[in-house]
Amino acid sequence: MNTVKRMLDVLHCRVEDILKSWAAYLTITSGNTVFGEQMNSITVMLRKKYKNYLKVIVDKLVSNAQANRRLKRILEETREADGESDNERECRD
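First residue of the sequence shown? That's 1 in full-length UniProt numbering, and the numbers climb one at a time after it.
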């Protein structure tokens, strides 16, 4: 994800400047599309990928946090149950 973010923030301008100088020599297979239009479509694609990756990461973090809370609750209930059984044993002795 950091790579995509870096490509958008830092490298995009450098790559665009380099490719502008090569634009006359680059062959475009998709018809009459202009170099700038292709760069825009690449930028849009990268931004979309970045947003999707970010959303997936946030969803995974939320899922992990919920699972962690469930595990903590289970451990607390287990400790409470063990504590109650220890108290019962002490009362019997």
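Glycine is no exception: its CB is placed at the ideal position from the N, C-alpha and C atoms.
Small disclaimer: the values here were computed from a predicted structure and weren't measured.
Just checking my contact of E16 with M45 at CB under 8 Å: how many whole Å lie between their CB atoms?
-> The residue you call residue 16 lines up with position 16 of the sequence shown. The residue you call residue 45 lines up with position 45 of the sequence shown. Not confirmed; about 14 Å, so no contact.
Span of the alpha helix (DSSP H) around D9 = Here residue 9 refers to the residue found at position 9 when the sequence shown is read from its first residue. Unbroken run through D9: none, as it is neither H nor E.
Compare the Cα-Cα distances from V4 to each of V58, A23, Y53 and I18 and report the closest residue.
-> Translated into the one-based positions of the sequence shown, residue 4 becomes position 4. Checked all of V58, A23, Y53 and I18; the closest Cα to V4 is Y53.
Closer than 6 Å by C-beta to residue 97: which residues in its own chain qualify, once you throw out the five before and the five after it? Chain order, please.
-> Because the chain spans 1 through 93 in this model, residue 97 falls outside it and cannot be assessed.
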